[in-house]
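There are 4 protein chains.
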Amino acid sequence: MPRPSRWPEVMAAAAKVFRAKGYHGATLEDVADEVGMLKGSLYNYISSKEELLFSVVRPPAEQLLSEARALAAEVVPAPEKIARLARVHAGVLAEHFVYASVYVHEVAGLGRYPEWAAMDSEYVRLVRAVLAAGVAEGSLRTDLDLRTAPHVLIGALNWLTRWWDPDGPIGAAEMADRISGVFLDGVRA
Amino acid sequence: MPRPSRWPEVMAAAAKVFRAKGYHGATLEDVADEVGMLKGSLYNYISSKEELLFSVVRPPAEQLLSEARALAAEVVPAPEKIARLARVHAGVLAEHFVYASVYVHEVAGLGRYPEWAAMDSEYVRLVRAVLAAGVAEGSLRTDLDLRTAPHVLIGALNWLTRWWDPDGPIGAAEMADRISGVFLDGVRA
Amino acid sequence: MPRPSRWPEVMAAAAKVFRAKGYHGATLEDVADEVGMLKGSLYNYISSKEELLFSVVRPPAEQLLSEARALAAEVVPAPEKIARLARVHAGVLAEHFVYASVYVHEVAGLGRYPEWAAMDSEYVRLVRAVLAAGVAEGSLRTDLDLRTAPHVLIGALNWLTRWWDPDGPIGAAEMADRISGVFLDGVRA
Amino acid sequence: MPRPSRWPEVMAAAAKVFRAKGYHGATLEDVADEVGMLKGSLYNYISSKEELLFSVVRPPAEQLLSEARALAAEVVPAPEKIARLARVHAGVLAEHFVYASVYVHEVAGLGRYPEWAAMDSEYVRLVRAVLAAGVAEGSLRTDLDLRTAPHVLIGALNWLTRWWDPDGPIGAAEMADRISGVFLDGVRA
DNA sequence: AATGAATGAGGCTTCATTCAT
DNA sequence: TATGAATGAAGCCTCATTCAT
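Residue numbers (the numbering used here), protein chains in the order written: chain X, 787 to 975; chain B, 787 to 975; chain R, 787 to 975; chain Z, 787 to 975.
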């Protein structure tokens, strides 16, 4: 597909509309209205509605995965890695908030699109590996359940797309620290 | 609406299909196929597709809210309340897994259906109140951010709908304890 | 596909419209108008426009081929076989005139639909075999070009769909005899 | 319309594409792709798709008609005229094969375009007149049906567009002779 | 209660055509 | 002359909904 001049506008409009109404609940006419063109004109930019979804969802997915891979490869104590992972995760969410919300709503963990299943589960495995290393090195609790724990962290972070306003008073780094703080040390006095 | 004999089958089919494809992505024909009737026959049970969604989503929503209200009213230390709240939450998820998944995917935190916004936010306030009481009574950390913390717990629990198999090896109570364990005491050694 | 009550009406309307405007030039709304229903209602009868084309075109194609096969298997002198083949061909055209016209316009010899190519070329081979047998038995000219001759007969017969009115003064048998008469004995005095 | 430098390429591409997919089945983008330009650029050459069809179809139609008129005016025995008419017809087909195929598929005998009906039927009348003269002069059979016979010859010739390769082993003159041979003298031994 | 069949609105997509550059 | 991008109409198809039986 060519990426003509108004491509970024089209992407932003699609992300906004998909987030507000859901992928299936949104129509291409909604998207076109948001851009200020006719629905047929969208086909200068895309080849199908589904391809538009993938275009919206790809940037945050790829960025999160590549940053997480890089981080996982570093040699750093697990607690610090977890804190930095939360920052990366929240940072990607904040940077591409609408796009990432669409990923979280429509793709993450749902197994609806085989194309994305591999990426999706690789991220879970990366987080699990970080936790496992922490248990091995003694910085995390020995009794930690490695099946559950990664999903707890990921769920808490992904759930940000349902209530957080990344342009509000709590920024991405601050938010990441709060979540990783609870995850690492709990809320008990 | 009359609720004739095959009403439970209809509900179960709708929940299953809505969970698999999403509300907008699912068609009434999908639901009818699942029940083993023609789509037109569904209108002996429902008055519209949206009413069917609400019927699917109401039982877990009402049960969770009423159990949470009852729990919140008890006089119990916050850490124990949190553990029991997690059990209630995971218990409702497990009991109505498909139905609850639809609630989580289509309703929770999205603000798409005004009818559900009040219930939805009341639950967050209940959890927040439990945490606030814990801070006040000294059983939870003083520096706990009460805007964020309820969403961390709720997010981790709701995210169960994306990966947990309630009929798998980890039962609801066990799962609730693991999640509330991490939430209360963290994962650090 | 189910074949509900108005299936024959749908077929007849489609054949009529496809013949008048060509398959691609005709719209499903044209067909629906002809039947007296809405275009969406057609999908109670068909699964796609192309399937409708195939349904229209199948009866004459299959009938012609099966009758031609039966005829080819008989033991009869070639000139008589040719005359009877022409009667079969013109008879199928007359019986399913609109449907057969669509076959001739949209399918025969065009190679546009792989599904039909085999049937299409089998018929040519059948005719060629009849002619070859005639040459072998001495009832047809020794210098007959077997590559060309079958197409001459088939072309003359198929061309009927462009000018003949099967409900006009010249009936199918009479017409077949005239064409096979020219083909067998020529027009020279 | 101006006829700028790449006009012949445009015509050739249109003929090729119209022949392969049919006029309505082909898109201007198909044509433009074949030329190697964008579809909008075609409007430097044409004013509408239909005009393009007419441009494609005009050369063979006019050439055949004018050559047939000239031939019909000569004073020559009917059998020879028929043989030469077949050569003219096959010659035009061969010279403009793709263009002529489009004429045969989309125009001949269909009555879809009033602009062409007169030319189309004039040709039939010319052939019929040749045959009628032959009957009158005694060189053709007295019992020849003059309604049918011209269409037999024309049909056999036009059907060449469905199976003949004019660049193959049998050239136009040879092919014309075979067809007129069958038409004049039949295939019987 | 269920079916068969229809409706009508609307969604995705295509495509002839236009136009500023 | 060609391009890039748009328009607008229309086409195929889907689907929630209705209704006579």
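Where a beta carbon is used, it is the ideal one built from N, C-alpha and C, also for glycine.
With burial defined as no fewer than 16 other Cβ atoms inside 10 Å of the residue's Cβ, what is the status of B:Thr990: buried or exposed?
Any question about residue 990 of chain B goes unanswered here, given that chain B covers just 787 to 975.
To which residues of the same chain is B:Thr928 closer than 8 Å at the C-beta, ignoring the five residues directly before and after it?
To locate residue 928 of chain B, count along the second sequence from 1; it is residue 142. Excluding residues within five positions, the ones whose Cβ falls inside 8 Å are Val921.
Taking beta-carbon pairs under 8 Å, can you tell me which members of the segment 921-932 of chain R lie near chain Z?
Within the segment 921-932 of chain R, Gly924, Ser925, Leu926, Arg927, Thr928, Leu930 and Asp931 place their CB atoms closer than 8 Å to a CB of chain Z, listed in sequence order.
Based on DSSP bridge pairs, tell me the residues matched to R:Arg974.
Within the third sequence, the letter at position 188 stands for residue 974 of chain R. R:Arg974 pairs with Z:Leu926.
Could one say the Cβ of R:Pro865 lies closer than 8 Å to chain Z's Cβ atoms, at least one of them?
Counted from its first residue, the third sequence places residue 865 of chain R at position 79. Taking Cβ atoms only, chain Z reaches closer than 8 Å to R:Pro865, which makes this a yes.
What does the Cβ neighbour count give for X:Arg873, buried or exposed, with the cut at 16 atoms within 10 Å?
On the first sequence, residue 873 of chain X is found 87 positions in, with the first residue counted as 1. By the 16-neighbour rule on beta-carbons within 10 angstroms, X:Arg873 is buried.
Listing by chain order, which chain B residues have their CB less than 7 Å from the CB of X:Val938?
For the purposes of this step, residue 938 of chain X is taken as the residue at position 152 of the first sequence. Correct list: Ala942, Ile965 and Val968.
Establish whether the CB of B:Thr934 and some CB of chain X are separated by less than 8 Å.
As a first step, residue 934 of chain B is located in the second sequence; it is residue number 148 there, counting from the start. At a cut-off of 8 Å between C-beta atoms, B:Thr934 counts as an interface residue with respect to chain X.
Counting only Cβ pairs nearer than 8 Å, list the residues of chain Z close to R:Trp945.
What you label residue 945 of chain R is simply residue 159 of the third sequence in a count that begins at 1. What R:Trp945 touches in chain Z: Gly895, His937, Val938, Ile940, Gly941, Ala942, Asn944 and Trp945.
Min CB distance X:His810 to chain B below 8 Å
Taking the first sequence and counting its residues from 1, one reaches residue 810 of chain X at position 24. At least one chain B Cβ lies under 8 Å of X:His810.
Given that Z:Asp971 touches chain R, what residues does it touch there, using C-beta distances under 7 Å?
For the purposes of this step, residue 971 of chain Z is identified with residue 185 of the fourth sequence, where counting begins at 1. Within chain R, the residues placing a beta-carbon under 7 Å from that of Z:Asp971 are Gly972 and Arg974, ordered along the chain.
Starting from the C-beta of B:Tyr885, find all residues in its chain whose C-beta is less than 7 Å away, skip the five residues before and the five after it, and write them out in chain order.
Taking the first residue of the second sequence as 1, we reach residue 885 of chain B at position 99. Counting only Cβ-Cβ distances below 7 Å, and skipping sequence neighbours, we find Ala801, Val842, Val843, Pro845 and Pro846.
Please specify which runs of the alpha helix (DSSP H), each continuous and at least 4 residues long, are wholly inside the segment 797-864 of chain B, giving them in chain order.
Entirely contained in the segment 797-864 of chain B, the alpha helix (DSSP H) runs reaching 4 residues are, in chain order, 814-821 and 835-859.
Could you pull the start and end residues of the alpha helix (DSSP H) that X:Arg792 belongs to?
Position 6 of the first sequence holds residue 792 of chain X. Here X:Arg792 belongs to no alpha helix (DSSP H), and DSSP marks it neither H nor E.
Report the option in R:Val973, R:Val910, R:Arg948 and R:Ile965 whose CA atom is closest to the CA atom of Z:Gly895.
The residue given as residue 895 of chain Z occupies position 109 in the fourth sequence. It is R:Arg948.
Is it right to say X:Ser907 is buried, meaning 16 or more other beta carbons lie within 10 angstroms of its own, or is it exposed?
Here residue 907 of chain X refers to the residue found at position 121 when the first sequence is read from its first residue. Taking every protein chain shown into account, the CB of X:Ser907 has fewer than 16 other CB atoms within 10 angstroms, so this residue is exposed.
Taking all protein chains shown into account, do 16 or more other C-beta atoms lie within 10 angstroms of the C-beta of Z:Arg870, making it buried, or fewer, making it exposed?
Start at 1 with the first residue of the fourth sequence, and residue 870 of chain Z comes out as number 84. Buried is the call here.
Can you tell me whether Z:His882 is helix, strand or coil according to DSSP?
As a position in the fourth sequence, residue 882 of chain Z is number 96, starting the count at 1. If DSSP states are grouped into helix, strand and coil, Z:His882 belongs with coil.
Test: X:Trp902 CB closer than 8 Å to a CB of chain B:
Taking the first residue of the first sequence as position 1, residue 902 of chain X is located at position 116. Closer than 8 Å: no.
Is any non-hydrogen atom of the ligand MG found closer than 7 Å to the C-beta of B:Ile832, if you look at the structure I gave you?
The ligand MG is absent from the structure shown, which contains no ligand whatsoever.
Please check if any C-beta of chain B sits within less than 8 Å of the C-beta of X:Met961.
Along the first sequence, one-based indexing puts residue 961 of chain X at 175. Chain B places a beta carbon closer than 8 Å to that of X:Met961, counting this residue as a contact.
Do we get a CB-CB distance below 8 Å when we pair Z:Arg948 with the residues of chain R?
In the fourth sequence, counting from the first residue as 1, residue 948 of chain Z sits at position 162. With its beta carbon less than 8 Å from one in chain R, Z:Arg948 belongs to the interface.
Evaluate the contact criterion for the segment 875-882 of chain Z versus the segment 940-959 of chain Z: three or more CB pairs, one atom per stretch, below 8 Å.
By the Cβ criterion, the segment 875-882 of chain Z is in contact with the segment 940-959 of chain Z, since at least three pairs of Cβ atoms, one from each stretch, lie closer than 8 Å.
DSSP three-state call for B:Thr934: helix, strand or coil?
Numbered from 1 along the second sequence, position 148 holds the residue referred to as residue 934 of chain B. In the three-state DSSP reduction, B:Thr934 falls in the coil class, being neither helix nor strand.
Pull up the distance between the alpha-carbon of Z:Phe804 and that of R:Met905, whole angstroms please.
Along the fourth sequence, one-based indexing puts residue 804 of chain Z at 18. Along the third sequence, one-based indexing puts residue 905 of chain R at 119. Between Z:Phe804 and R:Met905, the C-alpha separation is close to 24 Å.
How long is the line joining the alpha carbons of R:Ile965 and R:Gly941, rounded to whole angstroms?
Stepping through the third sequence from its first residue, residue 965 of chain R is reached at position 179. Stepping through the third sequence from its first residue, residue 941 of chain R is reached at position 155. Cα to Cα, the separation comes out at about 11 Å.
Integer-rounded CB distance, given that B:Ala864 should sit under 8 Å from B:Glu923
Residue 923 of chain B sits at position 137 when you count from the first residue of the second sequence. Residue 864 of chain B sits at position 78 when you count from the first residue of the second sequence. Yes, they are in contact, since the Cβ atoms of B:Glu923 and B:Ala864 sit about 6 Å apart, within 8 Å.
Own chain, CB closer than 6 Å to X:Tyr809, minus 5 neighbours either side, in chain order:
Start at 1 with the first residue of the first sequence, and residue 809 of chain X comes out as number 23. Only residues of its own chain outside the window of five on either side were considered, and among them Leu839 and Glu892 have a CB closer than 6 Å to the CB of X:Tyr809, listed in chain order.
Can you give the Cα-Cα distance for X:Ala858 and X:Ser925, rounded to whole angstroms?
Residue 858 of chain X sits at position 72 when you count from the first residue of the first sequence. Residue 925 of chain X sits at position 139 when you count from the first residue of the first sequence. One Cα belongs to X:Ala858, the other to X:Ser925, and the distance between them is close to 16 Å.
If you compare alpha carbons, which of R:Tyr899, R:Pro952 and R:Arg933 is closest to R:Val910?
Position 124 of the third sequence, counting from 1, holds the residue named residue 910 of chain R. Proximity to R:Val910 across R:Tyr899, R:Pro952 and R:Arg933 peaks at R:Arg933, based on C-alpha coordinates.
Reference Z:Ile868; option with closest CA among Z:Val968, Z:Ala975, Z:Arg974 and Z:Val973:
Indexing the fourth sequence from 1 puts residue 868 of chain Z at position 82. Of the candidates Z:Val968, Z:Ala975, Z:Arg974 and Z:Val973, the residue whose Cα lies closest to the Cα of Z:Ile868 is Z:Val968.
Given R:Glu795, which residues of its chain have a CB within under 7 Å of its CB, disregarding the five upstream and five downstream residues?
Within the third sequence, numbered from 1, the residue matching residue 795 of chain R stands at position 9. Once the five neighbours on either side are set aside, the close Cβ partners of R:Glu795 are Val821.
Keeping to the same chain, check which residues put their C-beta closer than 8 Å to that of X:Val769; ignore five residues upstream and five downstream.
With chain X covering only 787 through 975, there is no way to say anything about residue 769 of chain X.
Between X:Arg914 and the rest of its own chain, which residues show a CB-CB distance below 7 Å, the 5 nearest in sequence each way excluded?
What you label residue 914 of chain X is simply residue 128 of the first sequence in a count that begins at 1. Excluding sequence neighbours, X:Arg914 sits near Leu932 and Pro936.
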